[in-house]
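Heads up: the sequence shown begins at 1377 in the numbering used here, then just goes up one per residue. Where is the CB? At the ideal position from N, CA and C, for every residue including glycine. A quick note: this is a predicted structure, and the numbers were derived from the prediction, not measured. Have a look at the structure below before the remarks.
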Amino acid sequence: MPELPEVETIANGVHDRIHGRTIRSVWTSNKPQTFKTPPDQIAEALTGSRVDRVHRVGKTIVVDLSRRRKTMQFLIHLGMTGRLLVSTPDTPIPPHTHAILTLSGGSGGIKELRFVDARRFGRLSITETAYEGPGSEPLTISLEDFIVLFHHRKTPIKAALLNQSLLHGVGNIYADESLFRAGIRPRRQVGRLTRAELGRLRTALVEVIRHAIELGGSSVSDYVDADGVRGFFQLEHRVYLRTGEPCLVCGTPIQRIVIGGRGTHFCSRCQK
Ligand SMILES: [Zn+2]
């Protein structure tokens, strides 16, 4: 499943390729699971609209649209296997394509934005109010807000990091990696973490996510233009999926435990 850095990279890549263009026509597969807004309403809302901006909110890709002074947003959640491809019309249509937006304007002639999703956990919808997502944005939240967010909670910090109604977009890899970098054990109760620890955690989380976005940026063309997710998880994992391997800092074997149903990796010596 794409995590926040991948979604950010995809959103930026799609933005670069289609912003400023106008949607001339829309085709949909009409598969019921894919469309949170009925497909005919999606087609009606998109046709004739201009793509002003493509960006990320949490793990959702948000396409800002305008048409005759009216603004709305097209929301794309990639789910497990969803992909967005920017193609020329003569590129063969891959299997499991559920939506095709034909876009005019811009250099390079007509382009198509295609949504492809084999397992159909992805979701497409339209909203007329600005989508804000369920939680706070991990890259821009202030230290004070970050501390307030976790105040008095009794859950393990690992579970709190994955709680999308607190911070949106943080997945398993980035939770484990940021806790390692902050030197905090994943089972620690959130409410007992000190200000200094929460400060270190926020810094580590931002660093890990930003680093992954930078790495993802170099391979976005593979993702957007071709077929495949290759080269995306380039982040150098220090603990994630390194069970039994020596800690890169102290040599202690990395341990794996389960918290809230999720495999969790940590160093028992570096993390207190
Ligand atoms: Zn260690």
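Quick one: is the Cβ of ARG1632 within less than 7 angstroms of any heavy atom of ligand 1? Here residue 1632 refers to the residue found at position 256 of the sequence shown. Flag unset: Cβ of ARG1632 not near ligand 1.
Count the other CB atoms within 10 Å of the CB of GLU1520; is the residue buried (16 or more) or exposed (fewer)? The count along the sequence shown starts at 1 and reaches residue 1520 at position 144. Counting Cβ neighbours within 10 Å, GLU1520 comes out exposed, since fewer than 16 surround it.
C-alpha distance - ILE1469 paired with SER1401, whole-angstrom precision: Translated into the one-based positions of the sequence shown, residue 1469 becomes position 93. Translated into the one-based positions of the sequence shown, residue 1401 becomes position 25. When rounded, the distance between both Cα atoms is 16 angstroms.
Got a sec: does ligand 1 put a non-hydrogen atom nearer than 7 angstroms to the Cβ of THR1628? Here residue 1628 is taken as the residue at index 252 of the sequence shown, counted from 1. Yes, ligand 1 has a heavy atom inside 7 angstroms of this Cβ.
Taking 7 angstroms as the line, does the beta carbon of ARG1557 fall inside it for any heavy atom of ligand 1? For this step, residue 1557 is matched to residue 181 along the sequence shown. Incorrect: ARG1557 has no Cβ contact closer than 7 angstroms to ligand 1.
Would you identify the three-state DSSP class for SER1518, choosing helix, strand or coil? Numbered from 1 along the sequence shown, position 142 holds the residue referred to as residue 1518. Coil.
The stretch 1506–1526 in contact with the stretch 1432–1444 per 3-pair CB rule at 8 angstroms: yes
Taking DSSP as the reference, what is the three-state secondary structure of SER1463? Counted from its first residue, the sequence shown places residue 1463 at position 87. DSSP places SER1463 in strand when its eight states are reduced to three.
What is the C-beta distance between TYR1507 and LEU1555, in whole angstroms, given that I count them as a contact (C-beta under 8 angstroms)? Along the sequence shown, one-based indexing puts residue 1507 at 131. Along the sequence shown, one-based indexing puts residue 1555 at 179. Their Cβ separation, rounded to whole angstroms, is 29 angstroms, which puts TYR1507 and LEU1555 out of contact at 8 angstroms.
To the nearest angstrom, how far is it from the Cα of ARG1444 to the Cα of ASP1416? Here residue 1444 refers to the residue found at position 68 when the sequence shown is read from its first residue. Here residue 1416 refers to the residue found at position 40 when the sequence shown is read from its first residue. Rounded to whole angstroms, ARG1444 to ASP1416 spans 20 angstroms at the Cα level.
Close Cβ partners of ARG1393 (< 6 angstroms) along its chain, the five nearest in sequence each way excluded: Here the question's residue 1393 lines up with position 17 in the sequence shown. Cβ neighbours of ARG1393 beyond the five flanking positions: VAL1462.
Give a yes or no on whether the minimum CB-CB distance between CYS1646 and chain C is below 8 angstroms. Among the protein chains of the structure shown there is no chain C, as only one such chain exists.
What number of angstroms, rounded off, separates the C-alpha of THR1619 from the C-alpha of GLN1647? By 1-based counting over the sequence shown, the position of residue 1619 is 243. By 1-based counting over the sequence shown, the position of residue 1647 is 271. Each residue's alpha carbon lies about 15 angstroms from the other.
Taking all protein chains shown into account, do 16 or more other C-beta atoms lie within 10 angstroms of the C-beta of ALA1572, making it buried, or fewer, making it exposed? Position 196 of the sequence shown holds residue 1572. Exposed, because fewer than 16 other Cβ atoms sit within 10 Å of the Cβ of ALA1572.
Please state whether the Cβ-Cβ distance between ILE1635 and ALA1535 is less than 8 angstroms. Here residue 1635 refers to the residue found at position 259 when the sequence shown is read from its first residue. Here residue 1535 refers to the residue found at position 159 when the sequence shown is read from its first residue. Cβ distance < 8 angstroms, so ILE1635 and ALA1535 count as in contact.
So THR1404 packs on HIS1453, CB below 8 angstroms; how close in whole Å? Stepping through the sequence shown from its first residue, residue 1404 is reached at position 28. Stepping through the sequence shown from its first residue, residue 1453 is reached at position 77. Contact flag wrong, Cβ pair sits at about 16 angstroms.
What does the alpha-carbon distance come out to for the pair THR1651 and GLY1509? Summary: the structure shown does not reach residue 1651, with the chain confined to residues 1377 through 1648, and so no result is reported for it.
Proximity to SER1480 [Cα-Cα], best of LYS1530, GLY1424, GLU1379, HIS1544: Along the sequence shown, one-based indexing puts residue 1480 at 104. The residue with the shortest Cα to Cα distance from SER1480 is GLY1424.
Rounded C-alpha distance that separates SER1442 from GLY1639: The residue labelled residue 1442 in the question sits at position 66 within the sequence shown. The residue labelled residue 1639 in the question sits at position 263 within the sequence shown. Using only the alpha carbons, I get a separation of about 43 angstroms.
Check SER1554 in the structure and name its three-state DSSP category. Here the question's residue 1554 lines up with position 178 in the sequence shown. Correct three-state label for SER1554: helix.
Spell out the partners DSSP gives SER1501 in its beta bridges. Position 125 of the sequence shown, counting from 1, holds the residue named residue 1501. Note: SER1501 sits in a beta bridge opposite LEU1451.
DSSP three-state assignment for PRO1381, whether helix, strand or coil: Taking the sequence shown and counting its residues from 1, the one referred to as residue 1381 is at position 5. Note: PRO1381 maps to helix in three-state DSSP.
Looking only at DSSP bridge pairs, what is SER1401 linked to? On the sequence shown, position 25 is the one that residue 1401 refers to. Bridge partners of SER1401: THR1478.
Measure the beta-carbon distance from TYR1616 to ILE1560 and round it to whole angstroms, keeping in mind my assumption that it falls under 8 angstroms. If you number the sequence shown from 1, residue 1616 lands on position 240. If you number the sequence shown from 1, residue 1560 lands on position 184. That belief does not hold up - the Cβ atoms of TYR1616 and ILE1560 are roughly 15 angstroms apart, past 8 angstroms.
Whole-angstrom distance between ASP1428 and GLN1449, CA atom to CA atom: Here residue 1449 is taken as the residue at index 73 of the sequence shown, counted from 1. Here residue 1428 is taken as the residue at index 52 of the sequence shown, counted from 1. When rounded, the distance between both Cα atoms is 10 angstroms.
Exposed or buried, which one is ASN1406 when buried takes at least 16 other CB atoms within 10 Å? By 1-based counting over the sequence shown, the position of residue 1406 is 30. ASN1406 is exposed by the Cβ-count criterion.
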